[in-house]
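Accompanying notes for the structure given below.
2 protein chains.
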Amino acid sequence: MVQRMLGGVRAAGLRLTPQRLAIVRALADDTSHPTAQELLDRLRPALPTMSFATVYNTLFALSAAGLCSSLSLSPGSSRFDPNMEPHHHAVCDRCGAVSDIPLAAAERGGPSREAARLRRSVGAGAPGFEVRAVERVFRGLCARCAARDRRART
Amino acid sequence: MVQRMLGGVRAAGLRLTPQRLAIVRALADDTSHPTAQELLDRLRPALPTMSFATVYNTLFALSAAGLCSSLSLSPGSSRFDPNMEPHHHAVCDRCGAVSDIPLAAAERGGPSREAARLRRSVGAGAPGFEVRAVERVFRGLCARCAARDRRART
DNA sequence: ATGAGTGCAAATGCTTTGCATCCTG
DNA sequence: CAGGATGCAAAGCATTTGCACTCAT
């Protein structure tokens, strides 16, 4: 994952600075969808002068280059996802945690019937809307918060 | 829609103040998913002393009572949706506008095969996650932004 | 009358910006 | 060695909070 992203940085004509290298390395193999704050906290020990501006600049540059995506699925801060394969997300209503959900086997095949049906729905609700991506969002409680909830209700 | 919401306000044991009445009326038949700011701007002429605190308090109370929902689908401000029937959303990546997308006919029937498949996917990606709602999010450009884009690229 | 609700202003948290300086390509 | 990238601090929004006052029930 790191290699693919670093290759992408060059391919996009972005300069490879120590800060960007650190951010790419921190993000690449992280499935926790960190916020800018979390990334900064994690990198500060190694690069004490790194600033929010740089973290945001870099994450924005990476997502503009199609190397990661920024998620706005819950109130509060944006989260960043290095996984560019199509997939869904589960979002905890309590703590905001986001998990990747793999596509079901049936969703990985060709578009088919399903796609046509979806296109019709969008046309009905938002004529002229140009769909670029579709994802499913599961909302509820993550394992940790669900457990805490059960304990509290006892 | 207004009547249902006002009934819900009573049923939830919430006091019906002029501010709440105005907010409910403004939200009830609005399909544009207004932000707190937009609602306040719209209501200020009639109730000049209305404050953000009241708008947020009320919207929060309404969604806690299950009378509207708050959407966090794009960066920036939350949007509020009076439509409590299951439906999907189309979100414009450029301007943040949100449109309701009706469920396709096939989605309205009983859960069936589909639901089981989804449950399996969630279990695979986020063990222990307690799903309370599932929605589809279509991302892309709304008609207006798509048109602007086409013009710009000419 | 009483406590939920309101309004104001200040505080908080996330993100962006301006600009001087630095360093990659 | 030129222009992209960084770092700092200040500014900008969205949202929340504290508290005295008001009013719906």
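Protein sequences appear in the order of chains E and L. According to my numbering, the first sequence is numbered sequentially starting from 8. According to my numbering, the second sequence is numbered sequentially starting from 8. The C-beta atom is built at its ideal place from N, Cα and C for all residues, glycine as well.
Cutoff 6 Å; reference Asp-100 (chain E); Cβ partners in own chain excluding five residues on either side: Arg-146
Range of the contiguous beta strand (DSSP E) that encloses Ala-97 (chain E): 95-99
Straight-line Cα distance separating His-40 (chain L) from Arg-115 (chain E): 32 Å
Cβ-heavy atom distance, Cys-102 (chain L) to the ligand ZN, below 8 Å: This structure lacks the ligand ZN; in fact it carries no ligand of any kind.
Beta-carbon gap between Leu-34 (chain E) and Ser-79 (chain L) smaller than 9 Å: no
Positions along the stretch 54-88 of chain E whose CB lies within less than 9 Å of some CB in chain L: Ser-77, Ser-79, Leu-80, Ser-81, Pro-82, Gly-83, Ser-85
Where Thr-42 (chain E) sits in the DSSP three-state scheme: strand
9 Å Cβ cutoff, Asp-100 (chain L) in contact with chain E: yes
C-beta contact flag for Leu-148 (chain L) and Glu-45 (chain E) at 9 Å: no
Cβ shell of Leu-54 (chain L) (< 8 Å), same chain only, five flanking positions each side left out: Pro-25, Gln-26, Ala-29
Chain-ordered neighbours of Pro-41 (chain E) on chain L, where CB pairs are closer than 8 Å: Near Pro-41 (chain E) there are no residues of chain L at all, since even the closest Cβ is about 16 Å away, more than 8 Å.
Contact list for Pro-134 (chain E) against chain L, beta-carbon separation under 7 Å: Ala-150
Ile-108 (chain L) at chain E interface by Cβ criterion, 9 Å: yes
Phe-87 (chain L), DSSP secondary structure in three states: strand
Any 3 or more C-beta pairs closer than 8 Å across the stretch 83-91 of chain L and the stretch 127-143 of chain L: no
Element boundaries [beta strand (DSSP E), containing Gly-140 (chain E)]: Here residue 140 (chain E) is Ala; the residue named in the question, Gly, does not match the sequence. That run of the beta strand (DSSP E) goes 137-148.
Ser-70 (chain L): first and last residue of the uninterrupted beta strand (DSSP E) it sits in: Here Ser-70 (chain L) belongs to no beta strand (DSSP E); instead the alpha helix (DSSP H) covers 59-71.
Bridge partner(s) assigned by DSSP for Ser-76 (chain L): L:Asp-88
Selected residue, minimal CA-CA separation from Met-8 (chain E), among E:Ala-123, E:Leu-74, E:Ala-133: E:Leu-74
Residue from E:Asp-37, E:Ala-68, E:Thr-42 whose Cα sits closest to the Cα of Leu-23 (chain E): E:Ala-68
Partners in chain E for Glu-124 (chain L), counting only beta-carbon separations shorter than 7 Å: In the sequence as presented, Glu is not what sits at residue 124 (chain L); that position holds Arg. Here the neighbours are Ala-111, Ala-113.
Neighbourhood of Ser-76 (chain E) by C-beta, 6 Å cutoff - its chain only, sequence neighbours within 5 removed: Ser-70, Asp-88
Within-9 Å CB hit, Glu-92 (chain L) to chain E: no
Local Cβ density within 10 Å of Arg-143 (chain E), reported as buried at 16 or more and exposed below that: buried
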